[in-house]
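Working notes, structure below.
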Amino acid sequence: MTFAPAQLDLSYWQKAKQPLFTDLTWNLPERKTGRVAVLGGNSQSFSTPVRISEYLARQFPIQTVATLLPDALRPKLPPLPNLTFFPSTASGSFDRSPALRAALADPDAALFIGDLSKNSATTIALAEAIRPTPSPLLVLARDSLDALAPEAGNWLNRDHLVIVASLLQLQKLLRAIYYPRMIMLSQPLVPPLETLHKFTLSCPVTLCTFHQGQIITAHQGQIITTPLELTTYSPLTLWSGQLAANILALNLYNPNHPLEATTAALTYA
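By our numbering, the letter at position 54 of the sequence shown is numbered 56, and the numbering carries on one by one without gaps.
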């Protein structure tokens, strides 16, 4: 007796053949609104948080964009009004402080843009700072996910969280929380989609990643894949920080539609 192969239920998967949800990119507020914090940097690197802060302030009608840096950088930067410094570790990255926790609880949205030192003190400091509820919108991008992954069990279930990460970074994240399904970089497209489908059904996070020529966005079990050629990005520029900034802005203006806003940001120009 032979049995027909089991058919996967892929009804959760939408394949974009053209830019989706473009109305969200056309309907930005006319007046400046919203307060955003961009966090990143260490004593050896600060260009990315400064660059992305300038991009957000220039590209979107955001009322204020504050750049949060460790105070080890204070002697290296002029006293600009939008720069705010916080206690740093001996290695020159963020340390635990009430001021940092307050600064991340106050704005409407925060973007962790990376250039963070990999040390346990910074991991604990940032994980503690992003736990308060009610939680403002938080976007994690670039190496901020590597820094925070060891403490993922303490922050992953927070509300209003978007993660922009490579598939390898998501693999590390799932391993850190002992998730029973693993993502393999050698897999074809469907198995990682199945894993992200199940993961986002159990975790209130919005994900954006890349695999097999497709940019993948996921939320509440729904998956959208957008071919890279529909966007202006390359496999390298996806992780420059600009896409994460666009995702933050469109989620800020469309808080009840995280999957749609994150997908629309892929083709925002």
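C-beta: ideal position from N, C-alpha, C; glycine also.
With a cutoff of 9 Å on beta-carbon distance, lysine 200 and arginine 177 are scored as not near each other.
In terms of CA proximity to proline 31, Leu252 leads the group Leu252, Val207 and Ser45. Around the beta carbon of asparagine 44, a 10 Å sphere encloses 16 or more other beta carbons of the protein chains shown; the residue is thus reported as buried. Contact check for threonine 269 and threonine 233: beta-carbon distance about 6 Å, within the 8 Å limit, so the pair qualifies.
Contact check for leucine 22 against phenylalanine 114 fails: the beta carbons are separated by 9 Å or more. Residue state for leucine 58 is assigned as helix, using DSSP reduced to three classes. Taking one beta carbon from each stretch, the stretch 253 to 265 and the stretch 153 to 172 have 3 or more pairs nearer than 8 Å; the two touch.
The three-state secondary structure of serine 90, taken from DSSP, is strand. Sequence-distant Cβ neighbours of threonine 66 in its own chain, meaning closer than 6 Å and more than five residues away, are Arg37. In the assembly as shown, arginine 60 is an exposed residue. Its beta-carbon has fewer than 16 other beta-carbons within 10 Å.
Excluding its 5 nearest sequence neighbours in each direction, leucine 250 has C-beta neighbours in its own chain below 6 Å: Ala111, Leu113 and Val141, listed in chain order.
DSSP lists no beta-bridge partner residue for cysteine 205. Spatial neighbours of lysine 174 in its own chain (CB-CB distance under 6 Å, excluding positions within 5 residues in sequence) are listed in chain order as Ala151.
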